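Engineer: Mapping of the sequence shown onto our numbering: position 67 corresponds to residue 67, and the numbering continues sequentially without gaps. Where is the CB? At the ideal position from N, CA and C, for every residue including glycine. Only a predicted model underlies this, so the values are computations on that prediction, with no experimental measurement involved. Before I ask anything, let me first share the structure, which is written out below as C-alpha coordinates.
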Amino acid sequence: MRGLSRLPPFWMLAMAQLLIAVVLASTWFYVHAKAVLAGPPNPDQYVNTWDFQIAVFLFYWLPAVLLLMGILLGIERLTLAPRYARQKAAARQDDA
1 MRGLSRLPPF WMLAMAQLLI AVVLASTWFY VHAKAVLAGP PNPDQYVNTW
51 DFQIAVFLFY WLPAVLLLMG ILLGIERLTL APRYARQKAA ARQDDA
(Lines of atoms letter the chains of each structure in order from A and count residues from 1; the text may use other names and numbers.)
(Lines give C-alpha, C1' and ligand atoms only; values in the text may rest on other atoms or scores of the structure.)
Protein backbone atom coordinates (compact mmCIF):
# COMPACT_ATOMS: atom_id res chain seq x y z
CA MET A 1 0.00 0.00 0.00
CA ARG A 2 2.88 2.32 0.74
CA GLY A 3 4.18 2.02 -2.85
CA LEU A 4 0.96 3.41 -4.33
CA SER A 5 1.43 6.84 -2.74
CA ARG A 6 5.07 7.07 -3.80
CA LEU A 7 5.87 9.89 -6.23
CA PRO A 8 8.21 9.35 -9.17
CA PRO A 9 11.40 11.43 -9.24
CA PHE A 10 10.75 15.14 -9.73
CA TRP A 11 12.75 15.34 -12.95
CA MET A 12 10.42 12.75 -14.55
CA LEU A 13 7.37 14.79 -13.61
CA ALA A 14 9.05 17.99 -14.79
CA MET A 15 10.02 16.53 -18.17
CA ALA A 16 6.50 15.19 -18.71
CA GLN A 17 4.97 18.57 -17.87
CA LEU A 18 7.47 20.39 -20.07
CA LEU A 19 6.80 18.06 -22.99
CA ILE A 20 3.03 18.46 -22.62
CA ALA A 21 3.34 22.26 -22.44
CA VAL A 22 5.53 22.44 -25.56
CA VAL A 23 3.22 20.11 -27.52
CA LEU A 24 0.14 22.12 -26.52
CA ALA A 25 1.83 25.45 -27.34
CA SER A 26 3.03 24.10 -30.70
CA THR A 27 -0.43 22.80 -31.58
CA TRP A 28 -2.08 26.06 -30.56
CA PHE A 29 0.44 28.08 -32.55
CA TYR A 30 0.08 25.81 -35.61
CA VAL A 31 -3.70 26.26 -35.67
CA HIS A 32 -3.42 30.03 -35.36
CA ALA A 33 -0.59 30.33 -37.89
CA LYS A 34 -2.58 28.24 -40.35
CA ALA A 35 -5.53 30.62 -39.90
CA VAL A 36 -3.28 33.63 -40.49
CA LEU A 37 -1.82 32.08 -43.64
CA ALA A 38 -5.29 31.12 -44.92
CA GLY A 39 -6.64 34.63 -44.46
CA PRO A 40 -6.20 37.63 -46.73
CA PRO A 41 -2.56 38.31 -47.56
CA ASN A 42 -0.64 40.70 -45.39
CA PRO A 43 1.03 43.64 -47.19
CA ASP A 44 4.32 42.40 -45.74
CA GLN A 45 4.84 39.31 -47.89
CA TYR A 46 7.33 37.66 -45.54
CA VAL A 47 4.55 37.23 -42.95
CA ASN A 48 2.72 34.90 -45.34
CA THR A 49 5.37 32.17 -45.19
CA TRP A 50 5.74 29.19 -42.88
CA ASP A 51 9.42 30.07 -42.37
CA PHE A 52 8.45 33.37 -40.77
CA GLN A 53 5.71 31.76 -38.68
CA ILE A 54 8.13 29.11 -37.39
CA ALA A 55 10.72 31.78 -36.59
CA VAL A 56 8.09 33.72 -34.62
CA PHE A 57 7.27 30.58 -32.66
CA LEU A 58 10.90 29.68 -31.97
CA PHE A 59 12.05 33.17 -30.99
CA TYR A 60 8.93 34.56 -29.32
CA TRP A 61 6.47 31.91 -28.11
CA LEU A 62 8.71 28.97 -27.22
CA PRO A 63 11.00 30.95 -24.86
CA ALA A 64 7.92 32.43 -23.16
CA VAL A 65 6.42 28.95 -22.67
CA LEU A 66 9.72 27.59 -21.34
CA LEU A 67 10.15 30.54 -18.97
CA LEU A 68 6.63 30.20 -17.57
CA MET A 69 7.03 26.44 -17.21
CA GLY A 70 10.38 26.96 -15.46
CA ILE A 71 8.73 29.29 -12.95
CA LEU A 72 5.86 26.84 -12.44
CA LEU A 73 8.23 23.89 -12.01
CA GLY A 74 10.29 25.87 -9.50
CA ILE A 75 7.15 26.54 -7.46
CA GLU A 76 6.19 22.87 -7.69
CA ARG A 77 9.67 21.82 -6.59
CA LEU A 78 9.45 24.02 -3.51
CA THR A 79 5.96 22.76 -2.76
CA LEU A 80 6.83 19.07 -3.17
CA ALA A 81 10.20 19.22 -1.37
CA PRO A 82 8.78 18.27 2.05
CA ARG A 83 6.92 15.29 0.58
CA TYR A 84 10.04 14.05 -1.21
CA ALA A 85 12.02 14.44 2.03
CA ARG A 86 9.45 12.36 3.94
CA GLN A 87 9.44 9.78 1.15
CA LYS A 88 13.24 9.55 1.23
CA ALA A 89 13.28 9.26 5.03
CA ALA A 90 10.65 6.50 4.92
CA ALA A 91 12.67 4.62 2.30
CA ARG A 92 15.79 4.85 4.48
CA GLN A 93 13.84 3.66 7.50
CA ASP A 94 12.44 0.69 5.54
CA ASP A 95 15.96 -0.27 4.43
CA ALA A 96 17.28 -0.23 7.99
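1. Shortest alpha-carbon distance to Ala64 belongs to which of Ala35, Pro40 and Ala21?
2. Measuring only the C-alpha atoms, how far is Asp51 from Arg92?
3. Any contact of the stretch 37–53 with the stretch 13–20, i.e. 3+ C-beta pairs under 8 Å?
4. What residue range is occupied by the uninterrupted alpha helix (DSSP H) comprising Leu18?
5. Note down the Cα distance separating Gly39 from Gln53, rounded to an integer number of angstroms.
Structural biologist: Taking the definition as stated:
1. The sequence position of residue 64 within the sequence shown is 64, counting from 1. Per the Cα distances, Ala21.
2. Here residue 51 refers to the residue found at position 51 of the sequence shown. Here residue 92 refers to the residue found at position 92 of the sequence shown. The straight-line gap from Cα to Cα measures roughly 54 Å.
3. no
4. Position 18 of the sequence shown, counting from 1, holds the residue named residue 18. Segment Phe10 to Ala38, the alpha helix (DSSP H) holding Leu18.
5. Position 39 of the sequence shown, counted from the start, is the residue given in the question as residue 39. Position 53 of the sequence shown, counted from the start, is the residue given in the question as residue 53. Cα-Cα distance, rounded: 14 Å.
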